[in-house]
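Chains as they are written, first to last, in the numbering used here: chain Y, 1 to 114; chain S, 115 to 224.
Note that beta-carbon positions come from the ideal geometry of N, C-alpha and C, so glycine has one too.
Let me begin by presenting the structure, written as structure tokens, before commenting on it.
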């Protein structure tokens, strides 16, 4: 049972390059999330999708865009990467927004922007 | 502004030495407090949900408790495999989205 799968696991970009982080879940969950985790800052919500067809900004959305492609997939795009976007990115899913607070996380995508 | 504060930032214990981790919060109208475990290089893994003051949940050597202003994660006779970062999280006022604390990094030395 794969759970939440993120690709790529590692990526190095130059400033100004673009890329998309992919996330897929196989648990038939309605809600999906993108977080970033930085030393000393904890996990911060970038964007979320409460259900298929909807997306909303989280705490730190600037410089990112998202697409909820279908119920399974939720992608995060960096249009013009900046060194400040160097981070570990986690995708997560839940049965539905507000359901118990149990999120299922992927293993993370480690991004370095030079 | 809602805040979640975890202490200590790091904790080193000898195997078998029991201790507690703290998560204090200032959100009004608590709608649940959640504990997660995160191993190095992995995503967080859900442990417990607590909804009301006085509630307790247990899993192996871990017991989570909740008061009106804070939660404790008690670790009894820890083993090296309990070494991880422990995160607490709760929904902000008027939102279902979780705000995470910065975590406590627990190291259990054999």
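Taking 8 angstroms as the threshold, the shortest C-beta distance from residue 186/S to chain Y does not fall below it. One thing to note: residue 52/Y has its Cβ no nearer than 8 angstroms to the Cβ of residue 65/Y.
Here the alpha carbon of residue 74/Y sits roughly 14 angstroms from the alpha carbon of residue 19/Y. With a 10 Å radius around the Cβ and a threshold of 16 neighbouring Cβ atoms, residue 87/Y comes out buried.
Against chain Y, the CB of residue 217/S has a partner CB under 8 angstroms away; the residue lies at that interface. By the Cβ test, the region 160-176 of chain S is not in contact with the region 5-14 of chain Y, since fewer than three Cβ pairs between them sit closer than 8 angstroms. In this structure residue 218/S is buried. Its beta-carbon is surrounded by 16 or more other beta-carbon atoms within 10 angstroms.
Going by DSSP, residue 191/S is part of no beta strand (DSSP E) at all; its letter is neither H nor E. For residue 119/S, the closest Cβ of chain Y is not nearer than 8 angstroms. Interface criterion met: the Cβ of residue 212/S is under 8 angstroms from a Cβ in chain Y. Taken in chain order, the members of the region 80-110 of chain Y whose beta-carbon sits within less than 7 angstroms of a beta-carbon on chain S are 90, 97, 98, 100, 101, 102, 103, 105, 106, 107 and 108. Between residue 104/Y and residue 35/Y, the C-beta spacing is not below 8 angstroms. In this structure, residue 205/S lies near residue 146/S, with their beta-carbon atoms less than 8 angstroms apart. Neighbours of residue 45/Y in chain S, taken as residues at a C-beta separation under 9 angstroms, are given in chain order as 211, 212, 213 and 214. Taking 3 residues as the minimum length, the beta strand (DSSP E) runs contained wholly in the region 30-63 of chain Y are 31-38 and 42-49, in order along the chain.
A buried status is given to residue 33/Y, since no fewer than 16 other beta-carbon atoms sit within 10 Å of its beta-carbon. Residues of chain S whose Cβ lies closer than 7 angstroms to the Cβ of residue 58/Y are, in chain order, 211.
Distance from the CA atom of residue 130/S to the CA atom of residue 49/Y, rounded to whole angstroms, is 43 angstroms. In the structure shown, residue 83/Y adopts helical secondary structure according to DSSP, grouped into three states. The continuous beta strand (DSSP E) containing residue 78/Y extends over residues 74-78. Cβ-Cβ distances below 8 angstroms link residue 44/Y to 35, 36, 37, 38, 58, 59 and 60 in the same chain, with the five nearest sequence neighbours on each side left out; the list follows chain order.
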